[in-house]
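Novice:
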Amino acid sequence: MSSSSPTKGYDWTAIAPWLYAFVMFAVWEGAVWIFKIAPFVLPAPSKILEATIQFWPAIWMNSIQTMWTTMLGFIMAIIGGLLLGILVGWSRTIYAGLYPLMVGFNAVPKVAVIPVLIMWFGIGSIPAVLTAFLIAFFPIVVNVSTGLATIEPELEDVLRALGASKMDIMLKVGIPRALPYFFGSLKVAVTLAFIGSVMSETIGANSGLGHTMLAAQSQFNMPLVFAVLLALAVLGIVMYVLMAWLEMRMTGWAHRSSMGQ
Amino acid sequence: MAGGFVEVSNVSLTYGGAGGTLAVDGLDMTVEEGQFAAVVGPSGCGKSTLMKLATGLVRPTKGTVQVAGKPVTGPVSMAGMAFQNPSMLPWRTTLKNVMLPLEIVQPHRSKLSRERAAYTQQAEDLLSVVGLKGFGNKFPWQLSGGMQQRSNLCRALIHDPKLLMLDEPFGALDAFTREELWQVMRDLHQKKRMTVILVTHDLREAVFLADRIFVMSARPGKIVVTRDIEFPRPRPIELTYKQEFNAIVQELRSHIAEARAAA
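Protein chains in written order, with this note's numbering: chain E, 1 to 261; chain U, 262 to 524.
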């Protein structure tokens, strides 16, 4: 779309992300060599790659573990967020009553909740799943309820004058209308869920990338710490892309409107 | 006080409880069955409130509203409505948008899945009447503003409502499209003979389309003049350039000027 100049034969936008990433790593590598930065301060990408290969089985296993807890918390957040979002968007009174509560709840940093979860459920996956759930839940609720609450009043009048019930209006207009908001919020929510589960793993867990990082740090294994950071980045990108793809698939009509005529 | 299809007697409405804004005050109006009525007035005079009252979307604080001989106590559930904003659903094709009321109003609602082919045909026929033949599969955002407004009219009419409420439906269109849609509206009324209440600020539109025009005063709104328009039907668009047509427009204009000055 953006680089559609017909005279140039090659579409650079397709490989631009890879090119930019490559340049970033190259500069990083060069800087480490030129300024002779010690590996326990900032390891060069080549050292990180080395560590990744060396510790691959551990990184892979713990990535799966983190992915699993994140997804479980995320799915719980989707279900809970959708239900509460519909409830909040349903009526003005519920909205007025619940919204301040939710804002207050959301304002509490979730790091502060993790010790409580650990005391309740012990060290392990459960606090990680719950942290992911708690942190990812809010954007879904806000987006779904906003989508429902912003139905055009004229359209609501048209339908009510036909004798439509609140349920009719929700099913025919409210929920389809809220879907782009919902799928849009998933991109944000999955990233947050990931942050939540890794955070919890760093504080109290026996496995997962957060735990691996903590272990590597205590051994001053800086290349491994960075290898884990890189693995986290890759996982984050994968989950984001997955959600963005899902969004386009499910609610293409909302994105196409600008190309209408 | 019987007789009219829509009978509004001595209606007042206050928004926002006691001490709120008085939107309309002592409103009286009668629209006969099959009649085309227009309501004109200065902006903010409660024209849209009148529409909501007649369809039962809001209840009067004082007075009574009757439609088809029955007092209105809730949404009348047989009215078609169209507003200035076409508010088509972007995830539905034009045809599906037009058929939306059939999914809500009885008896169509329970018959829709069994007789879908017949209903689809009906919707397509209606689309071709307003000049949208073959556009049923397009999405609303692929249509121009005028075309969206045409499909909006179809949506308001698909279930053959006895009462059609139009709130400045042609307000956002260019002059040519507007005159074209006046004629579409004229023909639709000629064919279906439903009762229409058109809220507008365009006096020429009102005089061209309506049998009876109500002029409202500034807020709190009340009817200050009722004017019957006796031009024979069907009225050609050329009528709007005739001397006698403009005389009535002029006359209404002075009523509105008075209504505004009184505020």
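Beta carbons are placed, not taken as given, at the ideal position from N, Cα and C, and that holds for glycine.
Hey, does T316(U) have any beta-carbon neighbour from chain E nearer than 9 Å?
Specialist: One-based indexing of the second sequence puts residue 316(U) at position 55. Yes, T316(U) lies at the interface with chain E (some Cβ there is under 9 Å from its Cβ).
Novice: Run down chain U in chain order and give the residues with a C-beta less than 7 Å from the C-beta of A164(E).
Specialist: Within the first sequence, residue 164(E) is the residue found at index 164, counting from 1. The answer, in chain order, is I365.
Novice: Just to confirm the assignment, what range does the beta strand (DSSP E) spanning G305(U) have?
Specialist: Against the second sequence, residue 305(U) aligns to sequence position 44. From DSSP, G305(U) is part of no beta strand (DSSP E); its letter is neither H nor E.
Novice: Measure the Cβ-Cβ separation of V142(E) and A178(E) and say whether it is below 9 Å.
Specialist: Taking the first residue of the first sequence as position 1, residue 142(E) is located at position 142. Taking the first residue of the first sequence as position 1, residue 178(E) is located at position 178. No, the Cβ-Cβ distance between V142(E) and A178(E) is not below 9 Å.
Novice: Measuring CB atoms only, is the stretch 371-388 of chain U touching the stretch 424-434 of chain U, in the sense that at least three cross pairs come out at less than 8 Å?
Specialist: Cβ pair count under 8 Å is below three, so no.
Novice: Starting from N413(U) and walking both ways along the alpha helix (DSSP H), at which residues does that stretch end?
Specialist: Within the second sequence, the letter at position 152 stands for residue 413(U). Its alpha helix (DSSP H) spans residues 406-418.
Novice: In the structure shown, what three-state DSSP assignment does P368(U) receive?
Specialist: Within the second sequence, numbered from 1, the residue matching residue 368(U) stands at position 107. In the structure shown, P368(U) sits in coil (DSSP, three-state: anything other than H, G, I, E or B).
Novice: For V485(U), does the three-state DSSP call read helix, strand or coil?
Specialist: For the purposes of this step, residue 485(U) is identified with residue 224 of the second sequence, where counting begins at 1. Residue state, collapsed to three classes: strand.
Novice: Tell me the residue span of the beta strand (DSSP E) that contains Q345(U).
Specialist: Mapped onto the second sequence, residue 345(U) falls at position 84. Careful: Q345(U) lies outside any beta strand (DSSP E) and carries neither H nor E.
Novice: Among N398(U), S348(U), R488(U), which one has its Cα closest to the Cα of K357(U)?
Specialist: Reading the second sequence from its first residue, position 96 is the one you call residue 357(U). With distances taken between Cα atoms, K357(U) lies closest to N398(U).
Novice: Would a C-beta distance cut-off of 9 Å place D286(U) and P481(U) closer than the cut-off?
Specialist: Counting from one through the second sequence, the residue named residue 286(U) turns up at place 25. Counting from one through the second sequence, the residue named residue 481(U) turns up at place 220. A contact, by the Cβ cut-off of 9 Å.
Novice: For the candidate residues C415(U), A479(U), T487(U), whose alpha-carbon lies nearest to that of L388(U)?
Specialist: The count along the second sequence starts at 1 and reaches residue 388(U) at position 127. Closest option to L388(U), Cα to Cα, is C415(U).
Novice: Give me, in chain order, the residues of the same chain whose beta-carbon lies closer than 7 Å to that of A329(U); leave out the 5 immediate sequence neighbours on both sides.
Specialist: Position 68 of the second sequence holds residue 329(U). Excluding positions up to five away in sequence, the list reads F266, K423.
Novice: Using a cut-off of 9 Å between C-beta atoms, extract the partners of L246(E) located in chain U.
Specialist: Translated into the one-based positions of the first sequence, residue 246(E) becomes position 246. Simply none; closest approach about 16 Å.
Novice: Taking contact to mean at least 3 C-beta pairs separated by less than 8 Å, is the stretch 224-240 of chain E in contact with the stretch 93-101 of chain E?
Specialist: As far as the Cβ criterion goes, the stretch 224-240 of chain E does not touch the stretch 93-101 of chain E, which means the pair count is below three.
Novice: Would D168(E) pass as an interface residue toward chain U - the criterion being a Cβ-Cβ separation below 9 Å?
Specialist: Taking the first sequence and counting its residues from 1, the one referred to as residue 168(E) is at position 168. Yes, its Cβ sits closer than 9 Å to a Cβ of chain U.
Novice: Within 10 angstroms of its Cβ, does S5(E) collect 16 or more other Cβ (buried), or is it exposed?
Specialist: Taking the first residue of the first sequence as 1, we reach residue 5(E) at position 5. No answer about S5(E) holds up, because its pLDDT of 47 lies below 50 and its placement is not dependable.
Novice: Considering S273(U), what are the terminal residues of the beta strand (DSSP E) in which it resides?
Specialist: Locating residue 273(U) in the second sequence gives position 12, counting from the first residue. Looking at the DSSP string, the run of the beta strand (DSSP E) that includes S273(U) is 267-276.
Novice: Quick one: which chain E residues come within Cβ less than 7 Å of M342(U)?
Specialist: In the second sequence, residue 342(U) corresponds to position 81, counting from 1. Those are D157, V158, A161, listed as they occur along chain E.
Novice: Measuring alpha carbon to alpha carbon, tell me which residue in F25(E), P17(E), W12(E), W18(E) is nearest F226(E).
Specialist: For the purposes of this step, residue 226(E) is identified with residue 226 of the first sequence, where counting begins at 1. It is F25(E).
Novice: So, helix, strand or coil for G174(E), using DSSP?
Specialist: As a working note, residue 174(E) is residue 174 in the first sequence. Three-state result, G174(E): helix.
Novice: Does the beta-carbon distance from L459(U) to V337(U) come in below 9 Å?
Specialist: To locate residue 459(U), count along the second sequence from 1; it is residue 198. To locate residue 337(U), count along the second sequence from 1; it is residue 76. For L459(U) and V337(U), no; Cβs fall outside 9 Å.
Novice: Anything in chain E within Cβ reach of S348(U), meaning under 8 Å, just list it in chain order.
Specialist: To locate residue 348(U), count along the second sequence from 1; it is residue 87. Here the neighbours are E152, E154, L155, V158.
Novice: Between A262(E) and chain U, is any beta-carbon pair separated by less than 9 Å?
Specialist: Residue 262(E) lies beyond the residue range present for chain E, which begins at 1 and ends at 261; the question has no answer from this structure.
Novice: Under 7 Å Cβ to Cβ from P321(U), same chain only, skipping five residues before and after it: list those, please.
Specialist: Residue mapping note: residue 321(U) aligns to position 60 of the second sequence, counting from 1. Closer than 7 Å at Cβ, skipping near neighbours: V272, S273, L274, L314.
Novice: According to DSSP, P332(U) sits in a beta bridge with which residue or residues?
Specialist: As a first step, residue 332(U) must be located in the second sequence, where it is residue number 71. Answer is Q327(U), bridged to P332(U).
Novice: Can you pull the chain E neighbours of L442(U), defined as C-beta to C-beta under 7 Å?
Specialist: The sequence position of residue 442(U) within the second sequence is 181, counting from 1. Residues of chain E passing the Cβ test: none, with the nearest at roughly 18 Å.
Novice: Go to T146(E), then tell me how far its alpha helix (DSSP H) extends in each direction, as first and last residue.
Specialist: For the purposes of this step, residue 146(E) is identified with residue 146 of the first sequence, where counting begins at 1. Counting along the chain, the alpha helix (DSSP H) containing T146(E) begins and ends at 125-149.
Novice: With DSSP as the reference, label L83(E) as helix, strand or coil.
Specialist: To locate residue 83(E), count along the first sequence from 1; it is residue 83. Of the three classes helix, strand and coil, the one that applies to L83(E) here is helix, per DSSP.
Novice: Can you name, in chain order, every residue of its own chain whose Cβ lies under 7 Å from the Cβ of M67(E), other than the five neighbours on each side?
Specialist: The sequence position of residue 67(E) within the first sequence is 67, counting from 1. Only L235 meet the Cβ criterion.
Novice: Opposite A298(U) in the DSSP bridges: which residues?
Specialist: Translated into positions along the second sequence, residue 298(U) becomes position 37. Answer by DSSP bridge pairing, in chain order: I458(U), R473(U).
Novice: Compute the distance between the beta-carbons of V468(U) and M477(U), then report whether it is under 9 Å.
Specialist: In the second sequence, residue 468(U) corresponds to position 207, counting from 1. In the second sequence, residue 477(U) corresponds to position 216, counting from 1. Against a cut-off of 9 Å, the Cβ pair of M477(U) and V468(U) comes out as no contact.
Novice: When you compare only the Cα positions, how much space is there between V212(U) and V319(U)?
Specialist: Here chain U comprises residues numbered 262 to 524, so residue 212(U) is not present and cannot be evaluated.
Novice: Any idea what DSSP makes of T381(U), helix, strand or coil?
Specialist: Locating residue 381(U) in the second sequence gives position 120, counting from the first residue. T381(U) falls in the helix class under three-state DSSP.
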